[in-house]
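What follows is a short report on a single structure.
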Amino acid sequence: MSERIRSMRRNGTFLALPTTLWLLVFFVLPLVIVLVVSFMSRGRGGVAIMPLTIGHYQRTFGIFSIILWRSIGLAAMTTVVCLLAGYPLAFFISTRRSRLFQQITLFLVILPFWTNFLIRTYAWRILLGDEGAINGVLISLGLISEPLKMLNTQFAVLVGLVYGFLPFMVLPIYASVERFNFRYVDAAHDLGANDVRAFVRVVLPLTLPGVLAGCALVFIPSVGAFVTPDLLGGTKGLMIGNLINNQFGGSGNMPLGSALSIVMMAVVMLSLVIYLLANRRERGT
231 MSERIRSMRR NGTFLALPTT LWLLVFFVLP LVIVLVVSFM SRGRGGVAIM PLTIGHYQRT
291 FGIFSIILWR SIGLAAMTTV VCLLAGYPLA FFISTRRSRL FQQITLFLVI LPFWTNFLIR
351 TYAWRILLGD EGAINGVLIS LGLISEPLKM LNTQFAVLVG LVYGFLPFMV LPIYASVERF
411 NFRYVDAAHD LGANDVRAFV RVVLPLTLPG VLAGCALVFI PSVGAFVTPD LLGGTKGLMI
471 GNLINNQFGG SGNMPLGSAL SIVMMAVVML SLVIYLLANR RERGT
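The structure is reproduced here in structure tokens:
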């Protein structure tokens, strides 16, 4: 039996070899190159040259720290808004008795993915513009006398990010709530708990894995978002993804862009570590 197990392990290692080589060549190696470039100096045209320096990291945590914290803050706000909007929606969908209704509503949740993300973001430019649909409706109703400044603001970036990543919050929470046994809620009611207490003490803790997964799926791509801040935020919605892109284009600064990339990668890795620790603690392992 032990020989069979060892043989299966060898076969598993052999089968995993192509994937391992792929990750080493196309993930680990580029990351190492970016790490090395981040410590090099800026030459003519923004290329990386010797000698080595830590000045780019000093600039990252110095004059560019406001953009870094803005990115983290907008990503955190996006996660919170998606959670507040996505949990009730996922709970509503998963508790419907009609399976057909569940399938239709889930289809509507993922329907925006059938359209190119760039096109959907441009649509928000039309909606949020000074002469857009939202200002037009508000003015026609007499609620405002002049257009609201919504485009090229952090508010527009937040709206675009929530719109883009809300399904990533709804789907894992839906899967978690669907597996929930509502007999626990009946038991909580029998023990004297009201609806609010039953939700806080029973439903929320048992569906927390879906919440944690949704938060990770929303926060991580939101930190490095590029298209939404570029089209909806302008200079006031500049995030670290846009700053990195600017450093690698034209006569930018490749070492500085690499340093910013490494810092953003560190934020993403820290988010993953927090998610894994929270998930392990929730599972009690």
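Letter by letter, the sequence shown follows residues 231 to 515 of this note's numbering.
Backbone N, C-alpha and C define an ideal beta-carbon position, used for all residues, glycine too.
Bear in mind that the values here come from a model prediction, so they are computed numbers and not experimental data.
Member of the options whose CA lies at the smallest distance from the CA of residue i
i, options, result
"Val407", "Ala305, Leu388, Asp460 and Pro439", "Pro439"
"Ala306", "Leu388, Phe429, Phe343 and Gln288", "Leu388"
"Arg431", "Val415, Asp420, Ala443 and Leu442", "Val415"
"Ile474", "Leu486, Val267 and Phe385", "Leu486"
"Ala489", "Val255, Pro281, Leu254 and Gln288", "Gln288"
"Asn365", "Trp354, Arg355, Gly292 and Leu378", "Leu378"
"Ala320", "Ser328, Gln332 and Val311", "Gln332"
"Ile302", "Ala455, Phe429 and Val339", "Ala455"
"Pro402", "Ser271, Gly316 and Phe291", "Gly316"
"Asp460", "Trp252, Leu282, Ser328 and Gly390", "Gly390"
"Arg300", "Gln477, Leu357 and Gln384", "Gln384"
"Gly471", "Ser370, Ile263, Ile369 and Pro451", "Pro451"
"Ala386", "Ser481, Asp360 and Asn411", "Asp360"
"Thr325", "Phe410, Phe269 and Ile369", "Phe410"
"Val441", "Met399, Ala418 and Ser481", "Met399"
Three-way DSSP call (helix, strand, coil) for residue i in this model
i, result
"Met231", "In this prediction, Met231 has a pLDDT of 49, which is less than 50 and means its spatial position is unreliable; what the coordinates show is noted afterwards. Correct three-state label for Met231: coil."
"Asp360", "coil"
"Thr325", "coil"
"Thr345", "coil"
"Ser295", "helix"
"Gly372", "coil"
"Arg431", "helix"
"Leu396", "helix"
Neighbourhood of residue i by C-beta, 7 Å cutoff - its chain only, sequence neighbours within 5 removed
i, result
"Cys445", "Thr309 and Leu313"
"Leu373", "none"
"Arg355", "Leu381, Leu461 and Leu462"
Residues bridged to residue i (per DSSP)
i, result
"Ser271", "Ile279"
Limits of the unbroken alpha helix (DSSP H) element including residue i
i, result
"Pro377", "It is not in any alpha helix (DSSP H) - Pro377 carries neither H nor E in the DSSP assignment."
"Asn476", "Ile470 to Gln477"
"Val453", "Leu438 to Val453"
"Gly285", "Gly285 to Thr290"
"Ala418", "Arg413 to Asp420"
"Ala423", "Looking at the DSSP string, Ala423 is not in any alpha helix (DSSP H), and its letter there is neither H nor E."
"Pro459", "That residue, Pro459, is in no alpha helix (DSSP H); it is neither H nor E in DSSP."
"Ser481", "It is not in any alpha helix (DSSP H) - Ser481 carries neither H nor E in the DSSP assignment."
Contact set for residue i: own chain, Cβ-Cβ below 6 Å, skip 5 residues either direction
i, result
"Leu245", "none"
Same chain, Cβ closer than 8 Å to residue i, neighbours up to 5 away in sequence not counted
i, result
"Leu421", "none"
"Phe347", "Gly394 and Val457"
"Thr515", "Here Thr515 scores only 46 on pLDDT, less than 50, and its place in the model is too uncertain to base an answer on."
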